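Beneath this line is the structure, given in structure tokens, with notes to follow.
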Amino acid sequence: MTTKPVAQGATPLLQVDDLRTYFFTRWGVVKSVDGVSFSVGRGEIFGLVGESGCGKSITCLSLMRLVPQPAGKIVGGRILFEGRDLLKLGESEMRRYRGRHISIILQDPMTSLNPVFTVGDQIAEPVRLHQRARGRDLWDRAASALRLLRIPDPETRLGDYPHQMSGGMRQRVVGAIALACEPHVLIADEATTALDATIQAQYLALLQEVHEKKGLSIIFVTHDFGIVAKMCHRVAVMYAGKIVEMASVRELFDHPAHPYTVALLDAVPPLDYRVERLASIEGQPPQLYKLPSGCSFSPRCPRSDSLCVRESPPQVTVDGGHWATCWRLVDA
Amino acid sequence: MQRYILFRLVQAGATLLAVSLVVFILARLTGNPLDLLMPIDSTPEQYAQESQRLGLDKPLYVQFGRFLVNSVQADLGKSIRTGRPVLELLRQRFPNTMKLGLSAMALALAIAFPLGILAAVRRGSFLDGAARTTAVFGQSLPSFWVGILLLSVFAGTLHLLPAGGAGGLKHYLLPTVTLALTGFMLSGVVRLLRSSMLDVLDSEYVKLARAKGLSENVVVWKHALKNALIPVVTFVGFYFALLLGGASVVVETVFAWPGVGRLAYEAVMWRDYPVVQAVVLLLATLLVAANLVVDILYAYLDPRVRYR
Ligand SMILES: Nc1ncnc2c1ncn2[C@@H]1O[C@H](COP(=O)(O)OP(=O)(O)OP(=O)(O)O)[C@@H](O)[C@H]1O
Ligand code: SF4
Ligand SMILES: [Mg+2]
Chain A
1 MTTKPVAQGA
11 TPLLQVDDLR
21 TYFFTRWGVV
31 KSVDGVSFSV
41 GRGEIFGLVG
51 ESGCGKSITC
61 LSLMRLVPQP
71 AGKIVGGRIL
81 FEGRDLLKLG
91 ESEMRRYRGR
101 HISIILQDPM
111 TSLNPVFTVG
121 DQIAEPVRLH
131 QRARGRDLWD
141 RAASALRLLR
151 IPDPETRLGD
161 YPHQMSGGMR
171 QRVVGAIALA
181 CEPHVLIADE
191 ATTALDATIQ
201 AQYLALLQEV
211 HEKKGLSIIF
221 VTHDFGIVAK
231 MCHRVAVMYA
241 GKIVEMASVR
251 ELFDHPAHPY
261 TVALLDAVPP
271 LDYRVERLAS
281 IEGQPPQLYK
291 LPSGCSFSPR
301 CPRSDSLCVR
311 ESPPQVTVDG
321 GHWATCWRLV
331 DA
Chain B
1001 MQRYILFRLV
1011 QAGATLLAVS
1021 LVVFILARLT
1031 GNPLDLLMPI
1041 DSTPEQYAQE
1051 SQRLGLDKPL
1061 YVQFGRFLVN
1071 SVQADLGKSI
1081 RTGRPVLELL
1091 RQRFPNTMKL
1101 GLSAMALALA
1111 IAFPLGILAA
1121 VRRGSFLDGA
1131 ARTTAVFGQS
1141 LPSFWVGILL
1151 LSVFAGTLHL
1161 LPAGGAGGLK
1171 HYLLPTVTLA
1181 LTGFMLSGVV
1191 RLLRSSMLDV
1201 LDSEYVKLAR
1211 AKGLSENVVV
1221 WKHALKNALI
1231 PVVTFVGFYF
1241 ALLLGGASVV
1251 VETVFAWPGV
1261 GRLAYEAVMW
1271 RDYPVVQAVV
1281 LLLATLLVAA
1291 NLVVDILYAY
1301 LDPRVRYR
């Protein structure tokens, strides 16, 4: 593990307070994000892990205010970006943040580029919009975005259509789009999950490089604790729409406090922390529209007792920035 | 690509050949035109003479062979009823059909495009419901009935518009509206565009387009529409040819519009074989041509096809 110094400034770049995003569906209210709070410092890589369906993507989309319509709605909380609450902005003001201050890389490189426009068009689009670049200058900037992601021969590649590129290349293009306007925060929502191992390692190295070069903050969503160990400074573990544990990476690996985190880490093969999916823990995650009473993890928790089933656990500080929501913390 | 074009041309030729054969046989199944044309008191000799003059006494395969050979040389024969060259009839009538068809298509698309797109963008809204109702309604109304209704109101009761025939702009109004509102063009495009737009709006690349900070208008009209149009183009090309063929026969007959549809109607009534065959062949050629045009448009819209 490399040492990863982070400048912990006085105010975090991004601070999320008690964020709630619900889906109003035929079957009931799905509380995909239910009281999530975290902050991301300047130049920090913040990890978000958890099983499929726990609300990671919806958290990310909420930060950009792009929750799937019409069912989804951000019903509460604050998202402070450099002290301004994004949830209070008008739609057109919010658009000035998207792609310029906050960018996103989506999971599937095969579907996240528009098939009928050239790669160059798609990279140039946010640059033209936010930086008002035109003509030669615009094209140069698009090319240098491709260069940043180490795409060979960028000037020619600008004229390509997505289907002419491999998956790995396309994901670099998506990265180039996200980074073209030099944003402060990059959200990488399982940006490497769909790539094969070698390409994935290259991509991570690239992100690391850009992070160091530009002092970029990254919110890194993944299933993979190996990647967390390699990339992140701090991690939040999410379960059923809530963050259940938050700690620095070191602290989390050395002293996991929440039974769910312990189960996740136990499910990871030792030595090599890399796994495809965190699917190997007992039982199914709960349906988000009919959560169990008390602690959401109680039906699957080996430490669960009658109190856990009855009442929601409190947030308990373990040590400094390390906390977990649990009645019966695992003491390391 | 060249092989593909060659293949398509051969395919088109085969289609037209098959159509010729079918229409040739079907026309003859309706009976002998001389039964209708000859004076009631003609002698069997006169009958045989006329039959010989028209070549109707030859075996069917000889007649068909001659028809094919002549057609390839752009000689479509003469009308049995009027004796005028069929080619001349078509040249005179076809522009009228085309003008009516084009104006009906333009009207149908002018209504269908915004309706289909807005229905998708505001899914579940009043407008969405209205669009879908309109689509089902239009498609289930028979065009002859709508035509007659419009005629009796605007030409009959109100005396606002001419009752039939071709002429100025006023003559276009009723047949155009009838053709545009009924049939599958309008309703099909509304439904197809709505559903393909809904798919596209749900896609990851639209999500990414929004994440760039683009306005909803740019997302819908640039990123989504061009993709959503791809399936619609096939439909429009195909139904335009059908609109010219099927619907025009009915509408042209109701409005006494001097196009090929009405020509076909009259020709069938009189068992005027050469004219029937020519009109059907013309419409079949159009259908085949429409498919070719669709393929070219496809390549323009979808780079994945262009580079194959
Ligand atoms: N459009 C929607 N309508 C209703 N519910 C939705 C919708 N989108 C997401 N959800 C719900 O929100 C929950 C969280 O989804 P989300 O995509 O954030 O999960 P995730 O943690 O990113 O999972 P994965 O690892 O599979 O990407 C899901 O359980 C799902 O039921
Ligand atoms: S609160 Fe109880 S059930 Fe929930 S994780 Fe802690 S011990 Fe397990
Ligand atoms: Mg996800």
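Just so you know, the protein sequences line up as chains A and B, in that order.
Okay, so the first sequence: first residue is 1 according to this note's numbering, each after it adds one.
Okay, so the second sequence: first residue is 1001 according to this note's numbering, each after it adds one.
Yeah, the Cβ is synthetic: ideal placement off N, Cα and C, and Gly gets one too.
All of these numbers come straight from a predicted model, not from anything done at the bench.
Taking Cβ positions only, does residue i come closer than 8 Å to chain B?
{"i": "Asp108 of chain A", "result": "yes"}
{"i": "Ile58 of chain A", "result": "no"}
{"i": "His184 of chain A", "result": "no"}
{"i": "Val116 of chain A", "result": "yes"}
{"i": "Ile219 of chain A", "result": "no"}
{"i": "Met169 of chain A", "result": "no"}
{"i": "Val64 of chain A", "result": "Note on residue identity: the sequence assigns Met, not Val, to residue 64 of chain A. For Met64 of chain A, the answer is yes, since a Cβ of chain B falls inside 8 Å of its Cβ."}
{"i": "Thr111 of chain A", "result": "yes"}
{"i": "Pro70 of chain A", "result": "yes"}
{"i": "Tyr203 of chain A", "result": "no"}
{"i": "Leu146 of chain A", "result": "no"}
{"i": "Ile79 of chain A", "result": "no"}
{"i": "Gly163 of chain A", "result": "Here the sequence assigns His to residue 163 of chain A, which means Gly is not the residue at that position. So yes, His163 of chain A belongs to the interface."}
Closer than 6 Å by C-beta to residue i: which residues in its own chain qualify, once you throw out the five before and the five after it? Chain order, please.
{"i": "Ala191 of chain A", "result": "Ile105"}
{"i": "Phe38 of chain A", "result": "Val16, Ala236"}
{"i": "Asp319 of chain A", "result": "none"}
Compute the Euclidean distance between the alpha carbons of residue i and residue j, then round it to the nearest angstrom.
{"i": "Asp160 of chain A", "j": "Ala133 of chain A", "result": "21 Å"}
{"i": "Thr325 of chain A", "j": "Pro285 of chain A", "result": "17 Å"}
{"i": "Lys213 of chain A", "j": "Asn114 of chain A", "result": "29 Å"}
{"i": "Ala1166 of chain B", "j": "Tyr1047 of chain B", "result": "38 Å"}
{"i": "Ala1012 of chain B", "j": "Thr193 of chain A", "result": "47 Å"}
{"i": "Leu339 of chain A", "j": "Phe297 of chain A", "result": "With chain A covering only 1 through 332, there is no way to say anything about residue 339 of chain A."}
{"i": "Gly321 of chain A", "j": "Asp1128 of chain B", "result": "51 Å"}
{"i": "Glu91 of chain A", "j": "Pro314 of chain A", "result": "36 Å"}
{"i": "Gly1183 of chain B", "j": "Phe1064 of chain B", "result": "34 Å"}
{"i": "Val221 of chain A", "j": "Lys230 of chain A", "result": "13 Å"}
{"i": "Val1249 of chain B", "j": "Ala1120 of chain B", "result": "34 Å"}
{"i": "Arg328 of chain A", "j": "Val262 of chain A", "result": "13 Å"}
{"i": "Leu1320 of chain B", "j": "Gly135 of chain A", "result": "The shown model of chain B, from 1001 to 1308, leaves out residue 1320 of chain B, and the question about it has no answer."}
{"i": "Leu271 of chain A", "j": "Gly77 of chain A", "result": "Because Leu271 of chain A carries a pLDDT of 47, less than 50, the predicted location of this residue cannot be relied on, and the following value inherits that uncertainty. Taking the straight line from one Cα to the other gives about 40 Å."}
{"i": "Val30 of chain A", "j": "Phe24 of chain A", "result": "6 Å"}
{"i": "Trp139 of chain A", "j": "Asp189 of chain A", "result": "28 Å"}
{"i": "Tyr1004 of chain B", "j": "Asn1070 of chain B", "result": "29 Å"}
{"i": "Glu276 of chain A", "j": "Cys54 of chain A", "result": "With a pLDDT of only 47 at Glu276 of chain A, under the threshold of 50, the placement of this residue in the model should not be trusted, and no figure is reported."}
{"i": "Leu48 of chain A", "j": "Val249 of chain A", "result": "11 Å"}
{"i": "Ser1187 of chain B", "j": "Pro70 of chain A", "result": "25 Å"}
{"i": "Thr118 of chain A", "j": "Ser217 of chain A", "result": "29 Å"}
{"i": "Arg84 of chain A", "j": "Phe1235 of chain B", "result": "49 Å"}
State yes or no: is the beta carbon of residue i nearer than 8 Å to at least one beta carbon in chain A?
{"i": "Ala1180 of chain B", "result": "no"}
{"i": "Asp1128 of chain B", "result": "no"}
{"i": "Ala1209 of chain B", "result": "yes"}
{"i": "Arg1093 of chain B", "result": "no"}
{"i": "Leu1118 of chain B", "result": "no"}
{"i": "Ser1079 of chain B", "result": "no"}
{"i": "Leu1036 of chain B", "result": "no"}
{"i": "Phe1113 of chain B", "result": "no"}
{"i": "Leu1214 of chain B", "result": "yes"}
{"i": "Gly1101 of chain B", "result": "no"}
Only counting the same chain, and skipping five residues up and downstream in sequence, which positions put a Cβ closer than 7 Å to that of residue i?
{"i": "Leu149 of chain A", "result": "Arg172, Gly175, Ala176, Leu206"}
{"i": "Arg274 of chain A", "result": "Low local confidence applies: a pLDDT of 49 at Arg274 of chain A is under 50, so the model's placement there is unreliable, with the coordinate-based value given in what follows. Same-chain partners within the cutoff: Asp224, Gly226."}
{"i": "Leu1090 of chain B", "result": "Val1260, Ala1278, Leu1282"}
{"i": "Asp1202 of chain B", "result": "none"}
{"i": "Asp153 of chain A", "result": "none"}
{"i": "Leu34 of chain A", "result": "Correcting the residue identity first, residue 34 of chain A is Asp in this sequence and not Leu. The residues are Arg20, Gly241, Lys242."}
{"i": "Leu1198 of chain B", "result": "Ala1120, Arg1123"}
If you drop the 5 nearest sequence neighbours on each side, which residues of the same chain put their C-beta closer than 8 Å to that of residue i?
{"i": "Leu1301 of chain B", "result": "Lys1226, Leu1229, Ile1230, Val1233"}
{"i": "Gly1237 of chain B", "result": "Ala1290, Asn1291, Val1293, Val1294, Leu1297"}
{"i": "Pro1114 of chain B", "result": "none"}
{"i": "Val1288 of chain B", "result": "Ala1012, Thr1015, Leu1016"}
**Message:** By the 8 Å beta-carbon criterion, what residues does the segment 1249-1275 of chain B contribute toward chain A?
**Reply:** none
**Prompt:** How would the residue list near ligand 3 read, in chain order, if you kept each one whose beta-carbon is closer than 7 Å to any heavy atom?
**Reply:** A:Lys56, A:Ser57, A:Gln107, A:Asp189, A:Glu190, A:Val221
**Request:** Select from the segment 1178-1206 of chain B all residues with a C-beta closer than 7 Å to any C-beta belonging to chain A, and list them in chain order.
**Result:** Ser1203, Glu1204, Tyr1205
**Item:** Where the segment 88-99 of chain A meets chain B: residues whose CB sits under 9 Å from a CB there
**Value:** Glu91, Ser92, Met94, Arg95, Arg96, Tyr97, Arg98, Gly99
**Asked** Taking a cut of 7 Å between CB atoms, which residues from the segment 1223-1243 of chain B lie near chain A?
**Response** His1223, Lys1226, Asn1227
**Asked** When you check each C-beta in the segment 122-140 of chain A against every C-beta of chain B, which residues fall closer than 8 Å?
**Response** Glu125, Pro126, Leu129, His130
**Item:** Distance cut 5 Å, beta-carbon to ligand 2 heavy atom: residue list by chain order
**Value:** A:Pro259, A:Cys295, A:Phe297, A:Ser298, A:Cys301, A:Arg303, A:Ser304, A:Cys308, A:Pro313, A:Cys326, A:Trp327, A:Arg328
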